[in-house]
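Numbering-wise (my numbering), the sequence shown opens with residue 32 and increments by one.
Using N, Cα and C, we set each Cβ at its ideal position, and we do this for glycine too.
As the structure is a prediction and not an experimental result, all values here were calculated from the model.
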Amino acid sequence: MSLFLFLYVCIVMTVFVIGNFQNFLDSTLERILLILETTAMIGGISLFFLIILSLFLAVFGRELSIAVWISSSLGLFTLVMLLFFVKFLKAWLYSP
C-alpha cells in the first residue's frame with residue numbers, strides 16, 4: 032500500500048511541476064503514465080484470474096485461504112482505481 036501512496040505522491044508532484052517545465056516534462060510524464068497504466072492493467076488482469084481460480088477451486092471442494100481472497104480483491108480494486116486515475120489524469124492534462 033505504501034508503494035501506491037509513493038506513486039500517487041510522485042504523480043501529484045509531477046503534475047505540479049509541469050506548470051514550469053511543460054515542454055521538458057511532457058514526454059517524461061507520458062512515459063510515467065504509460066508505465067503506470069500498463070502496470071495497473073497487467074496487475075488487474077492477473078489478480079482477476081487469481082480470483083477466478085479461487086472460485087473454481089471452491090467449486091471443486093478445495094479452497095484458498097480467505098486472506099488470499101480478500102487481499103486479491105482489494106488489490107484488484109486498488110489497481111482498477113489506479114487505472115481510472117491515470118486515464119483521468121491523461122484526459123485532464125492533454126485536453127485543449
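Enclosing alpha helix (DSSP H) for S104 [first to last residue]: 97-124
CA-to-CA distance, E68 to S103, given in whole angstroms: 19 Å
Outcome for S126 when other beta-carbon atoms lying within 10 angstroms are tallied against a minimum of 16: exposed
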